[in-house]
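Numbering (this note's numbering), first residue to last: 520 to 719.
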């Protein structure tokens, strides 16, 4: 039987997990909360929460920055426990530590052939897709507009960013996990049918 443990971990440990076991190979900007994952006493990755790139992430739900956050990375090596269970346990830790939180938001990127299967398995509410967004190529990678204009948490403005190579990033799938009964009632009307991965 697999021995599973989740606990807070260091930035160094979370960064190692992202660098080695997440497709982005990049830690998000801004303040982060890092939950480490161990199976049979071996470190197998991290679940990371943060404010995301959107400074107004809570505006649509009438929430301030202390009441909402984003699940920004699930970085795991080969493991035995279902990802949905790992996320569920991390949410319990998060809710216990940060009692003002009411809503968690996360995204699945169709460009990576993701439809949010792990969120569907965990009973998250699917609320449709984001808008398409323009990205700019700077510093060796594609960046959101807020990063090159300095509008993201920790972002640094790039001079004449309008002249950088551009592309349109397709919409992402949006999932919501309310942490209170009141918030669940508020976002329940937003629920849509779960998307399916047509390539499988």
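No residue lacks a Cβ here, since even glycine has one placed at the ideal position from N, Cα and C.
query                                                                                                                      : result
Grouping DSSP H, G and I as helix and E and B as strand, with all else coil, what is residue 651?                          : coil
By how many angstroms is the C-alpha of residue 657 removed from the C-alpha of residue 604?                               : 37 angstroms
Would you say residue 543 touches the ligand ATP, meaning its beta carbon is less than 7 angstroms from a heavy atom?      : Looking at this structure, you won't find the ligand ATP or any other ligand, since it has none at all.
Report the option in 668, 696, 662 and 538 whose CA atom is closest to the CA atom of residue 613.                         : 696
Give the DSSP-derived three-state secondary structure of residue 719 in the structure shown.                               : For residue 719, the predicted model reports a pLDDT of 43, less than 50, meaning its position is unreliable; a value from the coordinates is still stated below. Coil.
Classify residue 565 as buried or exposed, calling it buried when 16 or more other Cβ atoms lie within 10 Å of its own Cβ. : buried
Helix, strand or coil for residue 646 per DSSP?                                                                            : strand
Is the beta carbon of residue 634 sitting closer than 8 angstroms to the one on residue 714?                               : yes
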